[in-house]
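**Student:** Got a structure here, written out as structure tokens. Questions coming.
Residue numbers (the working numbering): 29 to 109.
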């Protein structure tokens, strides 16, 4: 898994420091948005031939790692009357 996450890079000069794939100008959030809108892995790879299957997996793993670290206590507290 560490190898996948190493595909995610940050550069303040590229897309304002957003997490991107291997230094390309393709952001993690763009890949996630395409997937959320129903694009298949094959469609994404066809539209962005510089990407590899592992890049899409890396974007999903990165998103998972962010969500898994979220603090849920504030959200639970806000639900109480």
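Backbone N, C-alpha and C fix where the C-beta goes; we use that ideal spot for every residue, glycine too. These numbers were taken from a predicted model, which means no experiment stands behind them.
For residue 55, which beta-bridge partners are listed by DSSP?
**Tutor:** In DSSP, residue 55 forms a bridge with 48.
**Student:** On the DSSP letters alone, give me the boundaries of the alpha helix (DSSP H) that residue 70 sits inside.
**Tutor:** Its alpha helix (DSSP H) spans residues 69-75.
**Student:** With a cut-off of 8 Å on the beta carbons, I'd call residue 62 and residue 49 a contact; round off their distance for me.
**Tutor:** No, residue 62 and residue 49 are not in contact; Cβ-Cβ is about 12 Å, not under 8 Å.
**Student:** Ends of the alpha helix (DSSP H) at residue 83?
**Tutor:** Residues 81-96.
**Student:** Over the uninterrupted alpha helix (DSSP H) stretch that includes residue 30, give me the two end residues.
**Tutor:** 30-33 is the extent of the alpha helix (DSSP H) around residue 30.
**Student:** Applying the criterion that 16 or more other CB atoms from any shown protein chain within 10 Å of the CB defines a buried residue, is residue 95 buried or exposed?
**Tutor:** Exposed, by the Cβ-count rule.
**Student:** Buried or exposed, going by whether 16 or more other CB atoms sit within 10 Å of the CB of residue 39?
**Tutor:** Counting Cβ neighbours within 10 Å, residue 39 comes out exposed, since fewer than 16 surround it.
**Student:** Would you say the beta carbon of residue 76 comes nearer than 7 Å to a heavy atom of the ligand SAM?
**Tutor:** Here there are no bound small molecules, and the ligand SAM is not part of this structure.
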